[in-house]
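Each remark here refers to the structure printed beneath this line.
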Amino acid sequence: MPSKREKANSDYIAKLMIDGLPPKPESRATKSDLWKEINLYRKLLWEVRLVLLQTIVAQLRQGMNEGVTPEMLRKLADEIESAS
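Okay, structure coming up:
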């Protein structure tokens with residue numbers, strides 16, 4: 000009867016044969032790399048929000064010049080909801 004360690008090793012080898020090899024240690028991201036990427040995505044998200052708000056303000060200003068109708072406001076509200 001195989002020991003627990005031998006059983007674990009054979010299970011690991013079987014998993015590797017099915018799933019493929021794990022990533023090489025040098026290709027693994029560090030915590031620092033992950034936080035840099037997370038912060039980059041946060042910054043991009045804020046930039047997207049800013050552009051969205053600028054677009055909304057521009058559309059409202061355009062609507063004020065043209066005369067805003069309730070239908071225009073509903074359409075704008077729908078666009079905002081679908082974007083968030």
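Going by numbering that gives the first Met the number 0, the first residue of the sequence shown is number 0, and it counts up by one from there.
Ideal placement from N, C-alpha and C gives every residue a C-beta, glycine not left out.
Spatial distance of residue i from residue j (CA atoms)
i, j, result
"residue 44", "residue 50", "10 Å"
"residue 28", "residue 14", "22 Å"
"residue 80", "residue 9", "52 Å"
"residue 33", "residue 40", "11 Å"
"residue 47", "residue 82", "10 Å"
"residue 71", "residue 78", "11 Å"
"residue 53", "residue 38", "23 Å"
"residue 58", "residue 75", "8 Å"
"residue 17", "residue 30", "28 Å"
"residue 55", "residue 61", "10 Å"
Residue range of the alpha helix (DSSP H) that includes residue i
i, result
"residue 81", "69-82"
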